[in-house]
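The numbering of the sequence shown is numbering that gives the first Met the number 0, which starts it at 0 and goes up by one.
Let me begin by presenting the structure, written as structure tokens, before commenting on it.
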Amino acid sequence: MFKSKLKFLFYSHLGDKYKEKAEKYKRKLILSYKDVMKIFQKRKHFDLSSVQKLSEPPYYFKTSELFYFNDFYGINHILKKYAGLPDDYQFKCVIQHSVSFYDLKTDQEFDQNLPVILTTSDYSKSLYEKYAGNKKIYPISTHILYADDFYNEKKFLSEKKKLGKNLLFFPVHTACWVDVSSDTDWLIEEILKIKNEYDFDSVTICVYWLDVLKGLHKKFDRPDLNFNVVTAGHMLDPMFLVRLKTIIKLSDLCMSNSPGSYLFYAISLNRPFYLLKDNSISTRVLSSSEDKFYSDKFWELFNKKPEVIETYQLFNKVTMELTQEQLKFRDKYCDLKSFRSPQEFKEIINYTETLYNSGDYKKEALSHEIYV
């Protein structure tokens, strides 16, 4: 394993010419799910500013879930703990991995041979019903509401005292299928304008793990800026949403240069949000798809969607509390009324088990996808 890791790292740094060799050794780095959880367990108490260590991928592994998306951002671990389910329990349902605020079919979520889909809102349920066939759909609100806090009360109050009035910025982030970049120098200027105009004591920059691997955090982590640079960790880390919940709760205003899940998580936690229009953003698709939406024109197509235009219009001004219009927006897309008690959630899971065991859902072998 150690030799394979060294060779993978060596060939990775030699450029595209040696990409095939790098991939050859990367494939040998498959870890068991148990071993990967041990890696993340060691990171459990890392400081939020340990961005490099928290973002390191555990290389390939096979998820223990029937549907691999359920492992994203620790959603499965959070919901199991909330409902008192054992950690090795396998969900017999698809858990929507992010908030839907426009109609986009994610094929993997509908192609699974599972009887139930858990969505984040009645609105996303209405979108999913077009593609779900006979699957039952239950909204459960945003996942971050089910997460524990990363800090205990004493530690939280201590950190909040250090930060004072805190502005939290989420840079638009890269995804596994698309590389995203923007003018960081311009963003820093805009962040400082807001900081100074509204008398913030501190600025926190939350960088996505893929962008940490690209070195984006270093552009914000300059001594002259005195920004507090943090991350929620790798997307497969069970503590991802736990960290993110505390990062958001330590803020007084959240800000970004693009709509994203962080916006919906922030307003779910009653934090005001400011969206900065950034014309410098560019995207480059990393994996091919038959869907024309997933092209190098992704950003252009994304910004033409009426729901995206509406989001920019609603959050284009700095306010220190959510407006009535923004609260209506939250009601539609975050659907706090769909939040389930532990007993209510357990009842949905029990019903899912009944459907799974009484149907023909075991006929197809469900793939335990290997991913990084």
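Idealized CB from N, CA, C, for every residue including glycine.
Please read these numbers as outputs of a predicted model, since none were measured by experiment.
Contact between residue 100 and residue 130 is ruled out by a C-beta separation of about 17 angstroms, above the 8 angstroms threshold. Between residue 244 and residue 143, the CB-CB gap stays under 9 angstroms.
Contact between the region 176-185 and the region 145-160 is absent, with fewer than three C-beta pairs closer than 8 angstroms. Cβ-Cβ distances below 7 angstroms link residue 64 to 70, 75, 89 and 90 in the same chain, with the five nearest sequence neighbours on each side left out; the list follows chain order. Beta-bridge pairing by DSSP links residue 339 to no other residue. The Cβ atoms of residue 274 and residue 302 lie no closer than 9 angstroms to each other. Cβ-Cβ separation between residue 240 and residue 146: approximately 4 angstroms, consistent with a contact (criterion under 8 angstroms).
According to the DSSP assignment, residue 283 belongs to the beta strand (DSSP E) that extends over 281-284. Between residue 320 and residue 313, the gap from beta carbon to beta carbon reaches 9 angstroms or more.
Taking a cut-off of 8 angstroms on C-beta distances, the region 36-54 touches the region 205-224, as three or more cross pairs fall below it.
When DSSP reads this structure, residue 94 sits in a beta bridge with 117.
Nearest to residue 151 by alpha-carbon distance, out of 258, 264, 242 and 32, is 242. The straight-line gap separating the alpha-carbon atoms of residue 334 and residue 136 is approximately 14 angstroms.
Cβ contact annotation for residue 258 (same chain, cutoff 7 angstroms, sequence separation greater than five): 274, 307 and 310, in chain order. Per DSSP, the beta-bridge partners of residue 255 are 169 and 274. For residue 30, the three-state secondary structure derived from DSSP is strand. In the displayed model, residue 305 falls within a helix according to three-state DSSP.
Counting every other CB atom within 10 Å of its CB across the protein chains shown gives residue 236 a total of 16 or more, marking it as buried.
Taking C-alpha positions only, residue 198 is separated from residue 349 by approximately 51 angstroms.
Residue 250 and residue 118 have their alpha carbons spaced roughly 27 angstroms apart.
DSSP, reduced to helix, strand and coil, places residue 331 within a helical segment of the structure shown.
Counting the other Cβ atoms within 10 Å of the Cβ of residue 40 gives fewer than 16, which makes it exposed.
Per DSSP, the beta bridge partners of residue 138 are 118.
Rounded to whole angstroms, residue 21 and residue 233 show a C-alpha spacing of 21 angstroms.
DSSP, reduced to helix, strand and coil, places residue 54 within a helical segment of the structure shown.
In the DSSP assignment, residue 157 falls outside any beta strand (DSSP E) and lies within the alpha helix (DSSP H) extending over 152-162. Residue 317 and residue 141 have their C-alpha atoms roughly 24 angstroms apart. Residue 203 places its beta carbon 9 angstroms or farther from that of residue 262.
The residues 120 and 122, in chain order, have a CB closer than 8 angstroms to that of residue 331 in the same chain once the five nearest residues on each side in sequence are set aside. Residue 93 and residue 354 do not touch by the CB rule: their CB atoms are close to 13 angstroms apart, not below 8 angstroms. Our two residues, residue 344 and residue 351, have alpha carbons roughly 11 angstroms apart in a direct line. Taking 9 angstroms as the cut-off, the Cβ atoms of residue 169 and residue 266 do not count as close.
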